[in-house]
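Numbering (UniProt numbering), first residue to last: 1 to 684.
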Amino acid sequence: MQEPQEIPLRHRDLNWLSFNARVLQEAEDKLNPLYERIRFLAIFSSNLDEYFRVRVAQLRQMKRVEKSIRKKLALKPTKTTKEILEEVKRQQHKFGEIYQKQILPELAKNDILLIDAEHFNTAQNEFASNYFQQKVKSHIKPEVIDLEEENELFLQNAELYFVVSFTDKEKLGIVNIPVDACGRFVNLEGDGEDNSITYLDEIIRSQVSSIFKDHKIEGVYEIKLSRDAELYIEDIYEGVLAEKIYDSLAQRTDGQPTRLLYDAEMPNFLHKKIRKLLKLGKIDMMPGGKYHNFNDFFSFPDPTNNPDLHYKKLPAIEHKVLSGSKNYFETISEKDQAVHFPYMSFAYVENFLEQAVKDKDVTAIKISLYRVADESRLTSLLLKALENGKQVTVFVEAKARFDEENNIIWGRKFEEKGANVIYSYPKIKVHSKIMLVQRMEGDDLVNYSYIGTGNFNSETSEIYCDHAIFTSNKQIAKELSRLFKVLEGELIIPREKNLLISPFSTRQEFIKLIYNEIDNAREGKKAKITAKMNSLEDPEIIELLYKASNAGVEIRLLVRGFTCLTPGIKGLSENIYITSIVDRYLEHGRIYIFENGGDEKIYYGSADWMTRNLSRRIEVLSPILDKDVAQEFKEILEIQLNDNVKARIQDADEKNEYVKRTNGEQPVRSQYEIYNYLKEKHSK
Numbered sequence: 001m002q003e004p005q006e007i008p009l010r011h012r013d014l015n016w017l018s019f020n021a022r023v024l025q026e027a028e029d030k031l032n033p034l035y036e037r038i039r040f041l042a043i044f045s046s047n048l049d050e051y052f053r054v055r056v057a058q059l060r061q062m063k064r065v066e067k068s069i070r071k072k073l074a075l076k077p078t079k080t081t082k083e084i085l086e087e088v089k090r091q092q093h094k095f096g097e098i099y100q101k102q103i104l105p106e107l108a109k110n111d112i113l114l115i116d117a118e119h120f121n122t123a124q125n126e127f128a129s130n131y132f133q134q135k136v137k138s139h140i141k142p143e144v145i146d147l148e149e150e151n152e153l154f155l156q157n158a159e160l161y162f163v164v165s166f167t168d169k170e171k172l173g174i175v176n177i178p179v180d181a182c183g184r185f186v187n188l189e190g191d192g193e194d195n196s197i198t199y200l201d202e203i204i205r206s207q208v209s210s211i212f213k214d215h216k217i218e219g220v221y222e223i224k225l226s227r228d229a230e231l232y233i234e235d236i237y238e239g240v241l242a243e244k245i246y247d248s249l250a251q252r253t254d255g256q257p258t259r260l261l262y263d264a265e266m267p268n269f270l271h272k273k274i275r276k277l278l279k280l281g282k283i284d285m286m287p288g289g290k291y292h293n294f295n296d297f298f299s300f301p302d303p304t305n306n307p308d309l310h311y312k313k314l315p316a317i318e319h320k321v322l323s324g325s326k327n328y329f330e331t332i333s334e335k336d337q338a339v340h341f342p343y344m345s346f347a348y349v350e351n352f353l354e355q356a357v358k359d360k361d362v363t364a365i366k367i368s369l370y371r372v373a374d375e376s377r378l379t380s381l382l383l384k385a386l387e388n389g390k391q392v393t394v395f396v397e398a399k400a401r402f403d404e405e406n407n408i409i410w411g412r413k414f415e416e417k418g419a420n421v422i423y424s425y426p427k428i429k430v431h432s433k434i435m436l437v438q439r440m441e442g443d444d445l446v447n448y449s450y451i452g453t454g455n456f457n458s459e460t461s462e463i464y465c466d467h468a469i470f471t472s473n474k475q476i477a478k479e480l481s482r483l484f485k486v487l488e489g490e491l492i493i494p495r496e497k498n499l500l501i502s503p504f505s506t507r508q509e510f511i512k513l514i515y516n517e518i519d520n521a522r523e524g525k526k527a528k529i530t531a532k533m534n535s536l537e538d539p540e541i542i543e544l545l546y547k548a549s550n551a552g553v554e555i556r557l558l559v560r561g562f563t564c565l566t567p568g569i570k571g572l573s574e575n576i577y578i579t580s581i582v583d584r585y586l587e588h589g590r591i592y593i594f595e596n597g598g599d600e601k602i603y604y605g606s607a608d609w610m611t612r613n614l615s616r617r618i619e620v621l622s623p624i625l626d627k628d629v630a631q632e633f634k635e636i637l638e639i640q641l642n643d644n645v646k647a648r649i650q651d652a653d654e655k656n657e658y659v660k661r662t663n664g665e666q667p668v669r670s671q672y673e674i675y676n677y678l679k680e681k682h683s684k
């Protein structure tokens, strides 16, 4: 009997590197203004840091699993880590070429000079010396290590250090680069040029002889250590989850090392000594350029204030209905209203909440918060609602990676003011983007719903492409109300018929919808699946998509990040075509359309086709029931599917080739086309 064949799945961590390569392409793309290209270098660097702190850290943890179990589960962490490091080295080399051969010359063409200590003139050296004495010296902690003694070296996570070699080979120097206290970039003064900039690193480098005055300096090399960012809270079984996370945050700084990035010019003998001091393996050592932490380039100064070096500001589009509405409740009762970020202002969400806070007939406000912004209008309004006597229920996701502390702080603030605050459950996250406002209208309690694809965060709404709908649809609101009762512990299951709610019904409904397309294709009917998401990873869904492709279903996917599905393979996925858009804004929306025999079904919401979104998180996807709103979503998605400027083809070769325009075809840069589409639509 023939064994069932395993479905071919790409490794998510390897394919994620293909996504970060697309970010790097944006740094190289001269369609983007110079400072935006610099920003993409910063995004690439920031992404890679998190990747090593989380994903590579997880691979390292897998190495601790007993070998027989690893074999049974087909886990090959060492092999995968080696493949990752090879690809990262290639990308880092490309990064260096873009920075050295494109960015620095372009800055110089625009009279912005980024100067290292080696090229300081007399006046700049004098400035650097004074600056160091007055603003830097008090923040550095130099250390001389005697290598003849048994020593260990501890480096803080993601902070920069210099390793200083002396003529005395039995000793070496370590000095921190205090970016948090002093900033990364310094405008040089006293050289007759206003546009000269240097790194804080170079200010310190120029003063190393005075820092280690008792030693003769041979070399100065920058290093940075990344540590494991996972909290592994699932291993802790007792106590309130929020408290456990709060108490565990220190692990972020003293977690297991996952990568030492070092200047490739560092001599062999020196990086061997550093490796020994830090107790690292060879696989943990990553050669890089002279500078690290390029995510600091998010704050790279523009001394020229030249608008041509930045994206042209796009004013927020005024929603033709909501912008003039004095009463959102009446407006939403008449018709569903959709908003699209960042093309429109997040203020529409805040205005809705403000009206709810002030309205005497509103009795309760319920909201799920995944990533809470620092002090914001939305958080202030929720506190004001409590002052006004409203019942406020806030579900705070205590495990939103890197936002745990801020989320818990806000949860405590809401609790202190009398809100019903619910934190995460063990082994499940609440990732849905939902709000429910309950209002007495006569003798009836009327529910008003807001369901979105993005967080309740005004800052990220300016850079994330997301969608949301305000509705008073009774069925949607009733099911959303039941979900909040599940979160509050009053119900066990939400019993939904319209909404897709993970982990209760989303997977089952998607399976049903895909099988429906397969059946229609086999019957000779038009069968099509069109979907946009951040990532595609769930093996069961991928296997069904392969089956659908073989049945003749046309499958068109838009996947921003990684995908474990390989499209375009004959006999497996030849009817599946995938593109990815990386551009000015971060594509974050999820939209799913099923042909359904001509009676299309369209859903949007917070869930990707990932196992965690379908099985281990509270997610909400909503059908779009208003025909006008559904058409608007479809037209926006159609623009993105036709992108031929910033769309890359995701194929078996992972070359990230741009979609090519045919002769005479007009360029479609979807994010700008969507802006123009919405602007025209909402000006009528």
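Backbone N, C-alpha and C define an ideal beta-carbon position, used for all residues, glycine too.
Just so it is clear, the structure is predicted and the values come from calculations on it, not from any experiment.
Serine 432 sits in coil when the DSSP states are folded into three classes, being neither helix nor strand. A check of alpha carbon separations from lysine 601 across Leu513, Glu149, Leu536 and Ser368 identifies Leu513 as the nearest. Per the Cβ contact rule, the segment 115-128 is not in contact with the segment 315-326 (fewer than 3 Cβ pairs under 8 Å). Bounds of the beta strand (DSSP E) holding threonine 530 are 528-533. Assignment of beta-bridge partners to arginine 556 by DSSP yields Thr530 and Tyr577. Pairing aspartate 284 with arginine 259 gives a Cβ-Cβ distance under 8 Å. Contact annotation: alanine 531 and leucine 557 have beta-carbon atoms nearer than 8 Å. Beta-bridge annotation (DSSP): lysine 171 is paired with Asp146.
Rounded to whole angstroms, the Cβ separation of phenylalanine 504 and glutamate 496 is 7 Å, and the two are in contact under 8 Å. For alanine 607, the closest alpha carbon among the candidates Ile434, Asn268 and Lys276 is that of Ile434. Ranked by Cα distance from glutamate 479, the first of Ile493, Ile469 and Phe470 is Ile493. Of all alpha-carbon atoms in Tyr370, Tyr343 and Glu6, the one lying nearest the alpha-carbon of histidine 319 is that of Tyr343.
Residue Gly552 holds the alpha-carbon nearest to the alpha-carbon of serine 573 among Gly552, Ile581 and Gly561. Spanning the alpha carbons of asparagine 473 and glutamine 337 requires a straight line of approximately 11 Å. Looking at the DSSP output, proline 287 bridges to Tyr262.
Just so you know, the alpha carbons of valine 23 and valine 582 end up roughly 7 Å apart. Taking the C-beta atoms as reference points, alanine 364 is found nearer than 8 Å to glutamine 438.
Excluding its 5 nearest sequence neighbours in each direction, serine 18 has C-beta neighbours in its own chain below 8 Å: Phe562, Gln650, Glu654 and Asn656, listed in chain order. Between the alpha carbons of phenylalanine 470 and valine 392 lies a gap of roughly 19 Å. In this structure, the beta-carbon distance from leucine 153 to isoleucine 140 does not fall below 8 Å. From the listed residues Lys684, Val559, Leu625 and Ile197, the smallest Cα separation to tryptophan 16 is found for Val559. Fewer than three beta-carbon pairs drawn from the segment 610-620 and the segment 629-648 are found closer than 8 Å, and the two stretches are therefore not classed as touching. For threonine 471, the enclosing beta strand (DSSP E) begins and ends at 464-471. Residue environment: alanine 181 is assigned as exposed (fewer than 16 neighbouring CB atoms within 10 Å of its CB, all protein chains considered). Below 8 Å, too few C-beta pairs join the segment 300-308 and the segment 407-425 to call them touching: fewer than three. Rounded to whole angstroms, the Cβ separation of phenylalanine 166 and leucine 160 is 20 Å, and the two are not in contact under 8 Å. For leucine 641, the closest alpha carbon among the candidates Leu625, Ala652 and Gln671 is that of Gln671. Partner residues in the beta bridge of proline 257, as assigned by DSSP, are Arg227. Looking at the DSSP output, glycine 664 shares a beta bridge with no other residue.
Residue pairing by DSSP places alanine 338 opposite Ile469 in a beta bridge. Apart from the 5 residues on each side of it in sequence, threonine 611 sits with its Cβ closer than 7 Å to the Cβ of Glu537 and Asp538 in its chain, given in chain order. For tyrosine 423, the enclosing beta strand (DSSP E) covers residues 420-423. Per DSSP, valine 394 is one residue of the beta strand (DSSP E) stretching across 391-396. For valine 357, the uninterrupted alpha helix (DSSP H) segment begins and ends at 347-358.
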